[in-house]
Amino acid sequence: MHLFLLYLFIYLVFNLSRPLGVLAVLVNVTVDDSGTDPTTGVPIVYAPPDAWNLGQTCAACTAHVDSSIAFDHTWHDVSYNPSVDPTVVPTASLQFNGSAIYVFCIIAHTSVSPDGNSNMTFFIDGQVVNTFLQTPNNDTSLTYNFPVYVNTSLQTGIHTFMLQTGGLGSLKSLTLLDYIVYS
Ligand SMILES: *[C@@H]1O[C@H](CO)[C@@H](O)[C@H](O)[C@H]1NC(C)=O
Ligand SMILES: *[C@@H]1O[C@H](CO)[C@@H](O)[C@H](O)[C@H]1NC(C)=O
Ligand SMILES: *[C@@H]1O[C@H](CO)[C@@H](O)[C@H](O)[C@H]1NC(C)=O
Ligand SMILES: *[C@@H]1O[C@H](CO)[C@@H](O)[C@H](O)[C@H]1NC(C)=O
Ligand SMILES: *[C@@H]1O[C@H](CO)[C@@H](O)[C@H](O)[C@H]1NC(C)=O
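Dropping the structure here:
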């Protein structure tokens with residue numbers, strides 16, 4: 001009994017003396033491509049705005065996404081097209097406060113209608129951190145909920161994530177952005 005009380009005492013002293021907040025609980029926040037951050041109201045910023053299409057209402061878009069599978073039934077569709085204008089390099093950016101980010105796209109695999117070639121470059125706070133390159137294999141299915149970029153080792157705080165589609169020297173490149181999760 002005395003030993004038990006001693007253990008209890010040690011347990012309580014140890015636990016009550018630990019600084020609160022050392023174990024930060026990570027909570028995921030999902031930002032839809034067409035919505036806003038539910039905790040801050042901040043939207044994803046698309047540039048140049050008129051290069052991007054709202055996939056679900058885009059009659060001219062050749063990627064036929066099943067809106068019942070897309071998160072919140074929406075997605076943004078853009079192509080870098082060097083044969084139209086190589087200087088128009090589309091980007092999507094999100095400012096968030098966190099230590100992890102997961103970026104989800106829908107991936108096409110055809111080489112025509114749509115040309116599903118992927119060449120994305122990812123930036124955190126203005127620095128290139130990774131790329132996603134995938135050439136078409138001519139499969140006609142689409143891949144949903146595909147994490148094109150994941151970073152779970154950011155310093156907790158405010159960061160700006162940016163996805164770039166194509167760029168000078170890139171082939172035509174498609175991006176179907178569905179949602180971004182951060183924590
Ligand atoms: C947040 O979502 C990502 C992607 O779905 C998942 O891998 C991760 O485990 C989730 N983190 C938390 C804290 O729920
Ligand atoms: C960012 O989130 C952390 C952890 O939740 C919080 O302590 C901090 O105050 C936030 N920073 C800003 C600038 O909102
Ligand atoms: C996909 O189809 C295109 C056009 O028909 C062809 O040029 C390419 O080699 C094919 N790719 C594969 C991986 O089969
Ligand atoms: C995550 O972001 C940090 C800070 O920008 C960077 O140093 C690191 O390489 C990134 N990790 C990945 C997997 O992109
Ligand atoms: C991908 O695009 C970059 C420009 O952002 C270009 O430098 C690179 O050569 C392209 N890579 C491929 C495999 O096409």
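Sequential numbering of the sequence shown, starting at 1, is according to our numbering.
Virtual Cβ for every residue (Gly too), placed ideally from N, Cα, C.
Within 10 angstroms of the beta-carbon of Leu168 lie fewer than 16 other beta-carbons, which makes it exposed. By alpha-carbon distance to Asn53, the top candidate from Gly126, Thr74, Thr30 is Thr74.
DSSP places His159 in the strand class (E or B) of the three-state scheme.
When rounded, the separation of the alpha-carbon atoms in Gly157 and Thr39 is 15 Å.
Here Asp72 carries a helix assignment [DSSP, helix/strand/coil].
For the options Gly41, Asp178, Asn117, Leu176, the alpha carbon positioned closest to that of Asn138 is the one of Asn117.
When Ala92, Gly41, Asn28 are compared, the shortest CA-CA separation from Ala51 is found for Ala92. Leaving aside the five residues that flank Ser83 on each side, the residues in its chain whose CB is nearer than 8 Å to its CB run, in chain order, Lys172. Taken through DSSP and simplified to helix, strand or coil, Thr57 comes out as helix.
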